[in-house]
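Novice:
Protein chains: 2
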Amino acid sequence: MLSKWGRIPTVSAPRTARARVRAQLTSEIADVARTHLATGGAAALSLRAVARELRMASSAVYRYFPSRDDLLTTLIVDAYDALGEAAEQAEAGVARTDLRGRLHAACAAARDWALAHPHEYALLYGSPVPGYAAPEATIGPAGRVGTVIVGIVRDGLASGALTPLPGSVDTIDSRVLAEFDLTDDTVRAARLVGAWSGLFGAIGFELHGHTHNIVTDHVAWFRAVVDTHADALALP
Amino acid sequence: MLSKWGRIPTVSAPRTARARVRAQLTSEIADVARTHLATGGAAALSLRAVARELRMASSAVYRYFPSRDDLLTTLIVDAYDALGEAAEQAEAGVARTDLRGRLHAACAAARDWALAHPHEYALLYGSPVPGYAAPEATIGPAGRVGTVIVGIVRDGLASGALTPLPGSVDTIDSRVLAEFDLTDDTVRAARLVGAWSGLFGAIGFELHGHTHNIVTDHVAWFRAVVDTHADALALP
DNA sequence: GCATCCCACAGAGCAATGCTCTCGTTGGTT
DNA sequence: AACCAACGAGAGCATTGCTCTGTGGGATGC
Chain A
264 MLSKWGRIPT VSAPRTARAR VRAQLTSEIA DVARTHLATG GAAALSLRAV
314 ARELRMASSA VYRYFPSRDD LLTTLIVDAY DALGEAAEQA EAGVARTDLR
364 GRLHAACAAA RDWALAHPHE YALLYGSPVP GYAAPEATIG PAGRVGTVIV
414 GIVRDGLASG ALTPLPGSVD TIDSRVLAEF DLTDDTVRAA RLVGAWSGLF
464 GAIGFELHGH THNIVTDHVA WFRAVVDTHA DALALP
Chain B
264 MLSKWGRIPT VSAPRTARAR VRAQLTSEIA DVARTHLATG GAAALSLRAV
314 ARELRMASSA VYRYFPSRDD LLTTLIVDAY DALGEAAEQA EAGVARTDLR
364 GRLHAACAAA RDWALAHPHE YALLYGSPVP GYAAPEATIG PAGRVGTVIV
414 GIVRDGLASG ALTPLPGSVD TIDSRVLAEF DLTDDTVRAA RLVGAWSGLF
464 GAIGFELHGH THNIVTDHVA WFRAVVDTHA DALALP
């Protein structure tokens, strides 16, 4: 537990009182940072401001997060998880056989979350931060939304509601295809990734104002976009 | 010429020698800033560093750009224009009747430009910069790529190669619809905006690494995504 | 031709940032 | 009881965006 986190003490086992208060303070810092992020965006997130609000010296924060970027990473992971969970929960609330409804639910939940947390969303799907290279820790949670919509298709194929689309393309990694039982449906797999990216493209456009003065009813437009992708995936 | 540019002297008419050298220096500053932006990204763009490279005091730069954000705005407008021009030129090189080919050309050009100028692209379609609100000056150039792909559909409708899609939705601003002769084809209009956002979603996903370890052949995948949108638009 | 005026530039300065280093204190372990 | 690692505070460094003040020079008016 010191590879990328430097020689910062472990957090995992809060057995001692010290470890407990440490975990407490760590999450407290992250919480304050999250509110700062939510109000001012990533650029307005200042370690010193967080420290000030917590009435501690700025240098003390470095005992908990080796750098501002590490704080950001924590926030990013949390955000990915929150977004993923929102999509998962929404999708889980729809009848398993209603494939299109499940897609709509997941996508709408992602959009709702993005509208509710614009700055955090921008952190996830906007430009990568400064000299920031997405650390390993983010790749897992980052895929949760994608996993949800892939799961819909997989269920459809497993139940026979969907049959593989004709043709075959070699664009998606074979291990990924195998992981999601899409080896025999590569065309649909490519379109799935396309739908995934299109989903966040649409959300990003709305969020960043690119559709301002163009789209008047974003809810309906978003539904239409998702429907288009559902058509491309041949969801019933 | 002093509304948003403060009381900075006009640049428009370089009649006097002074105005000429002024225009010269202004573009020189922008050029240096552009290279800094291209190498380090928007966050690494420092007015002082630009001034240093130009061997002038940092305060002198403020004679030309009232603030760092104004410098950034100039760069953004230029980038929008460069991207738009790339798409326009590529699209113009395809036979007018080949609607799908025109779409592919425009989209591929946009992708190529984005890959060649990742930081500038991130500035346009990534998260909005810090406390930065897109000024009026950017909205025109920002639409150029969209205008290109809308033009393809309009040409198709005008020539009779395309017929309006059945149905009617009220999601797109009526003035925009009228401007592009799409009043009677609202379903296609909505999908057009969807394709537009999907295009940049796909490019952004590739650029920001979201498809890393998932998509193996980005050229082919991107073509597939564009083809999906072309299908949705019923391009022959 | 001279006086005037305004633009351009430099330099100092302010508030703020991320991060480092040092130094005293304190909690937990042996 | 003694020790050590963790902890927190404060000062300090380099950097940033931006403002203010002073000064020189080229363009302009008479």
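Taken in sequence, the protein lines are chains A and B.
Residue 264 is where the first sequence starts when you use our numbering, and the numbers rise one by one after that.
Residue 264 is where the second sequence starts when you use our numbering, and the numbers rise one by one after that.
Ideal Cβ positions, reconstructed from N, Cα and C, are used throughout, including at glycine.
#1: Apply the 10 Å Cβ neighbour rule to A/L387 and answer buried if 16 or more other Cβ atoms are within range, or exposed otherwise.
#2: Please list the partners that B/G457 has in chain A, where partner means a Cβ-to-Cβ separation under 8 Å.
#3: Using only alpha-carbon positions, find the residue among B/L338, B/E383, B/F485 that is nearest to A/I435.
#4: If you measure beta-carbon to beta-carbon, which residues of the stretch 287-315 of chain B are closer than 9 Å to chain A?
#5: Per the DSSP calculation, B/I435 is bridged to which residue(s)?
#6: Starting from the C-beta of A/A584, find all residues in its chain whose C-beta is less than 8 Å away, skip the five residues before and the five after it, and write them out in chain order.
#7: Can you pull the chain B neighbours of A/A405, defined as C-beta to C-beta under 8 Å?
#8: Using CA atoms only, rank isn't needed, just tell me which of B/A385, B/R297, B/G414, B/A286 is closest to B/V456.
#9: Whole alpha helix (DSSP H) runs in the stretch 282-362 of chain B with 4 or more residues, listed along the chain?
#10: For A/L288, I'd like the list of residues in its chain whose CB is within less than 7 Å of its CB, leaving aside the five on either flank, ordered along the chain.
#11: Please return the same chain residues whose Cβ sits closer than 8 Å to the Cβ of A/V432, not counting the five positions on each side in sequence.
#12: Taking CB distances under 7 Å as the criterion, tell me whether B/G430 reaches chain A.
#13: Residues in the stretch 442-456 of chain B with C-beta within 7 Å of chain A's C-beta atoms, listed in sequence order?
#14: Using only CA atoms, which one of A/A495, A/S437, A/L470, A/H471 lies nearest to A/W459?
#15: Do A/H492 and A/G461 have their C-beta atoms within less than 7 Å of each other?
#16: Beta-carbon separation of B/L300 and B/L308 under 7 Å?
#17: Taking C-alpha atoms, which residue in A/G356, A/R417, A/I477, A/E399 lies nearest to A/V340?
#18: Please name the residue in B/T302, B/G303, B/V295 whose C-alpha comes closest to that of B/M319.
#19: Whose C-beta lies closer than 6 Å to the C-beta of A/E351 among residues of the same chain, with five residues either side of it excluded?
#20: Exposed or buried, A/D490, counting other C-beta atoms within 10 Å across all chains shown (16 or more means buried)?
#21: Would B/H380 and B/G304 qualify as a contact pair, given that the criterion is a beta-carbon distance under 7 Å?
#22: Measure from the alpha carbon of A/E291 to the alpha carbon of each residue in A/L317, A/A312, A/T302, then state which is nearest.
#23: Would B/D418 count as contacting chain A if we go by Cβ distances under 7 Å?
#24: Kindly list, in the order they appear in chain B, the residues whose Cβ is closer than 9 Å to that of A/P499.
#25: Strictly below 8 Å CB to CB, what residues from chain A border B/A400?
#26: Are the beta-carbon atoms of B/P391 and A/H471 separated by less than 7 Å?
#27: Which residues mark the beginning and the end of the alpha helix (DSSP H) in which B/F468 is found?
#28: Excluding sequence positions up to five away, which residues of its chain have a Cβ less than 6 Å from the Cβ of B/P427?
#29: Inspect the beta-carbon positions of B/A466 and B/A377 and report whether they are closer than 7 Å.
#30: Checking 7 Å against the spacing of the C-beta atoms, do A/V357 and A/R363 come in under that value?
#31: In the structure shown, what three-state DSSP assignment does B/M264 receive?
Specialist: Reading it off the structure:
#1: Within the first sequence, numbered from 1, the residue matching residue 387 of chain A stands at position 124. With 16 or more other Cβ atoms inside 10 Å of its own Cβ, A/L387 counts as buried.
#2: Within the second sequence, residue 457 of chain B is the residue found at index 194, counting from 1. Neighbours of B/G457 on chain A, chain order: G461, A465, W484, A487, V488, T491.
#3: Locating residue 435 of chain A in the first sequence gives position 172, counting from the first residue. Distance from the Cα of A/I435 is smallest, within the candidate group B/L338, B/E383, B/F485, for B/F485.
#4: Cβ contacts with chain A: G303, G304, A305, A306, A307.
#5: Translated into the one-based positions of the second sequence, residue 435 of chain B becomes position 172. A/V478, per the DSSP bridge assignment.
#6: The requested residue 584 of chain A is not part of the displayed model; chain A covers only 264 to 499.
#7: Here residue 405 of chain A refers to the residue found at position 142 of the first sequence. The contact set of A/A405 on chain B, defined by CB atoms closer than 8 Å, consists of H473 in chain order.
#8: Position 193 of the second sequence holds residue 456 of chain B. Closest by alpha carbon: B/G414.
#9: Taking only runs of at least 4 residues, the alpha helix (DSSP H) segments lying wholly in the stretch 282-362 of chain B are 310-316, 321-324, 331-355.
#10: Here residue 288 of chain A refers to the residue found at position 25 when the first sequence is read from its first residue. Y327, listed in sequence order.
#11: Here residue 432 of chain A corresponds to residue number 169 of the first sequence, with the count starting at 1. The residues are T449, V450, A453.
#12: Within the second sequence, residue 430 of chain B is the residue found at index 167, counting from 1. It does not; no Cβ of chain A falls within 7 Å.
#13: Of all residues in the stretch 442-456 of chain B, A453, R454, V456 have a Cβ within less than 7 Å of some Cβ in chain A.
#14: Position 196 of the first sequence, counting from 1, holds the residue named residue 459 of chain A. Distances from the CA of A/W459 to each of A/A495, A/S437, A/L470, A/H471 were compared; the closest alpha carbon is that of A/A495.
#15: For the purposes of this step, residue 492 of chain A is taken as residue 229 along the first sequence, with counting starting at 1. For the purposes of this step, residue 461 of chain A is taken as residue 198 along the first sequence, with counting starting at 1. In terms of Cβ geometry, A/H492 and A/G461 form a close pair [threshold 7 Å].
#16: Looking up residue 300 of chain B in the second sequence gives position 37. Looking up residue 308 of chain B in the second sequence gives position 45. Remark: C-beta atoms of B/L300 and B/L308 approach each other more closely than 7 Å.
#17: One-based indexing of the first sequence puts residue 340 of chain A at position 77. Taking only the C-alpha atoms, the option nearest A/V340 is A/E399.
#18: Indexing the second sequence from 1 puts residue 319 of chain B at position 56. Among B/T302, B/G303, B/V295, the Cα nearest to that of B/M319 belongs to B/V295.
#19: Along the first sequence, read from residue 1 onward, the residue named residue 351 of chain A stands at position 88. Counting only Cβ-Cβ distances below 6 Å, and skipping sequence neighbours, we find V411.
#20: Mapped onto the first sequence, residue 490 of chain A falls at position 227. Under the 10 Å beta carbon count, A/D490 is surrounded by 16 or more other beta carbons and is classified as buried.
#21: Here residue 380 of chain B refers to the residue found at position 117 of the second sequence. Here residue 304 of chain B refers to the residue found at position 41 of the second sequence. No.
#22: Position 28 of the first sequence, counted from the first residue, corresponds to residue 291 of chain A. Of the listed residues, the one whose Cα sits closest to A/E291 is A/L317.
#23: Here residue 418 of chain B refers to the residue found at position 155 when the second sequence is read from its first residue. No, its Cβ sits nowhere closer than 7 Å to a Cβ of chain A.
#24: As a first step, residue 499 of chain A is located in the first sequence; it is residue number 236 there, counting from the start. Correct list: empty, because the minimum Cβ distance to chain B is about 17 Å.
#25: Numbered from its first residue, the second sequence carries residue 400 of chain B at position 137. Those within 8 Å of B/A400 in chain A number zero; the least Cβ separation is about 14 Å.
#26: Taking the first residue of the second sequence as position 1, residue 391 of chain B is located at position 128. Taking the first residue of the first sequence as position 1, residue 471 of chain A is located at position 208. Yes, the Cβ-Cβ distance between B/P391 and A/H471 is below 7 Å.
#27: Your numbering for residue 468 of chain B matches position 205 in the second sequence. Per DSSP, B/F468 belongs to the alpha helix (DSSP H) from 449-470.
#28: Locating residue 427 of chain B in the second sequence gives position 164, where the first residue counts as 1. Same-chain partners within the cutoff: D447, D448.
#29: The residue given as residue 466 of chain B occupies position 203 in the second sequence. The residue given as residue 377 of chain B occupies position 114 in the second sequence. Position check: residue 466 of chain B holds Ile in this sequence, whereas Ala was assumed. A contact, by the Cβ cut-off of 7 Å.
#30: Taking the first residue of the first sequence as 1, we reach residue 357 of chain A at position 94. Taking the first residue of the first sequence as 1, we reach residue 363 of chain A at position 100. Their beta carbons are not under 7 Å apart, which means A/V357 does not touch A/R363 by this criterion.
#31: On the second sequence, residue 264 of chain B is found 1 positions in, with the first residue counted as 1. The predicted position of B/M264 is uncertain, since its pLDDT is 35 and thus under 50; no value can be drawn from it.
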